[in-house]
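Beneath this line is the structure, given in structure tokens, with notes to follow.
Numbering (full-length UniProt numbering), first residue to last: 1 to 155.
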């Protein structure tokens, strides 16, 4: 019995030794896994830090963009003000041009009216000129006759 017991104990010790060896292997694997997890955690921390840096850069860019947008808004307001001013000035100029055009049209109508009057006067003068031309011819003829009479009398 003692031999059996010894065999049994030896068997149990061997089994325990195998279990301890297995546990040691499992623990080493766990240590390796923990080490791997530590590496992964460090990589994750590095990624988070990188993300923080990227986020800060994006935040800085956003602040700069806000400044640019504010500046653009100011420029747009200035442009709108200038456009309103130019629109008012153009409307004023168009009103002035329309007024001047009305005066020019009135002056043209007056000129046409006076031109018609001049045409009438020219036609009337032309009608009067015809008898005057005839009268002048007669006077020239009489003048010639008078000169002839004077020559005859002078002889």
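Even glycine gets a Cβ: it sits at the ideal position worked out from N, Cα and C.
Helix or strand or just coil, what does DSSP make of residue 37? helix
Rounded to a whole number of angstroms, what is the C-alpha to C-alpha distance between residue 131 and residue 140? 14 Å
Residue 63 versus residue 83 - alpha carbon distance: 30 Å
Within the stretch 25–107, note down every full alpha helix (DSSP H) run reaching 4 residues or more, in order along the chain. none
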